[in-house]
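**Student:** Under the numbering used here, the first residue of the sequence shown is numbered 458, with each subsequent residue one higher.
Just so it is clear, CB atoms sit at the ideal spot from N, CA and C, and this is done for glycine as well.
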Amino acid sequence: MTEEEHPKIIHLHKPTQCVLWEQPNRIAGKFVELLEEVESYEDGSHLTRSLYKCRECGQLYFHEWYEWVDWKEGKDKIYTTLIPVQTPAEIEALKQTDNFTLLMYFPRLQLDGGKPRWMVKTDPHFRPVTVRPPTRPKRAPFDRGWPPFAVESAKTGPDWLL
Ligand SMILES: [Zn+2]
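In structure tokens:
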């Protein structure tokens, strides 16, 4: 096991003051009402990356919209990710990621298909073993062998994580 095979997980500050932390569903169909674009980094036909700001609390979110083009099956998939950021260094680091290394960042809000949900990496030193529910929610993109670590889906917000 080398560092390269197991990239480091990066824990970012949880935006507990933001309405989206407790109620991620609020963003469904209300993206523009809740978030304001601050800066655009990439604007392609299959990938856009930009910085958004919560209109309510000012929390910054790095946003990626990514269309996975399936040339074989013709079933394209769209992934939308929001990652709460606080510092210019965090933003700069996220700009350097690609679609895969972006998944090293926790927590992040996934908006792809179905319910918006926070992906949270639980810290084994902070919390005992998590009992997984018998039926897992819909798999995260690239969850089949990637990322090479367990990903938990926060079902009931931060209380569930404590
Ligand atoms: Zn907010």
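Following a CB-centred definition, is Glu493 positioned closer than 7 Å to any heavy atom of ligand 1?
**Tutor:** Result no, Cβ not under 7 Å from ligand 1.
**Student:** Within 10 angstroms of the Cβ of Glu521, are there 16 or more other Cβ atoms? Answer buried if so, exposed if not.
**Tutor:** Looking at its Cβ environment, which holds 16 or more other Cβ atoms inside 10 Å, Glu521 is buried.
**Student:** Whole angstroms are fine: how far does the CA of Met561 sit from the CA of Gln474?
**Tutor:** Going by the C-alpha atoms only, they are around 23 Å apart.
**Student:** Measure from the alpha carbon of Gln516 to the alpha carbon of each residue in Phe563, Leu491, Gln567, Asn482, then state which is nearest.
**Tutor:** Per the Cα distances, Leu491.
**Student:** Nearest-angstrom Cα distance between Thr554 and Ile484?
**Tutor:** If you take the alpha carbons of Thr554 and Ile484, they lie about 24 Å apart.
**Student:** Can you tell me whether DSSP reads Pro541 as helix, strand or coil?
**Tutor:** Pro541: strand per DSSP, three-state reduction.
**Student:** Quick one: what does DSSP say Glu530 is sitting in, helix, strand or coil?
**Tutor:** Coil, per DSSP.
**Student:** Starting from the C-beta of Asp527, find all residues in its chain whose C-beta is less than 8 Å away, skip the five residues before and the five after it, and write them out in chain order.
**Tutor:** If we look at Asp527 and ignore the five residues flanking it on each side, its Cβ neighbours are Asp533, Lys534.
**Student:** Assuming Phe557 is part of the alpha helix (DSSP H), what are its boundary residues?
**Tutor:** First-last for Phe557: undefined, no H or E at that position.
**Student:** Please report the distance separating the alpha-carbon of Arg512 from that of Val542.
**Tutor:** Near 15 Å, if we compare the C-alpha coordinates of Val542 and Arg512.
**Student:** For Glu499, I'd like the list of residues in its chain whose CB is within less than 8 Å of its CB, leaving aside the five on either flank, ordered along the chain.
**Tutor:** The answer, listed in chain order, is Thr505, Arg506, Ser507.
**Student:** Expressed to the nearest angstrom, what Euclidean distance is found between the alpha-carbon atoms of Ile466 and Ile548?
**Tutor:** Answer to the nearest angstrom: the Cα atoms are 16 Å apart.
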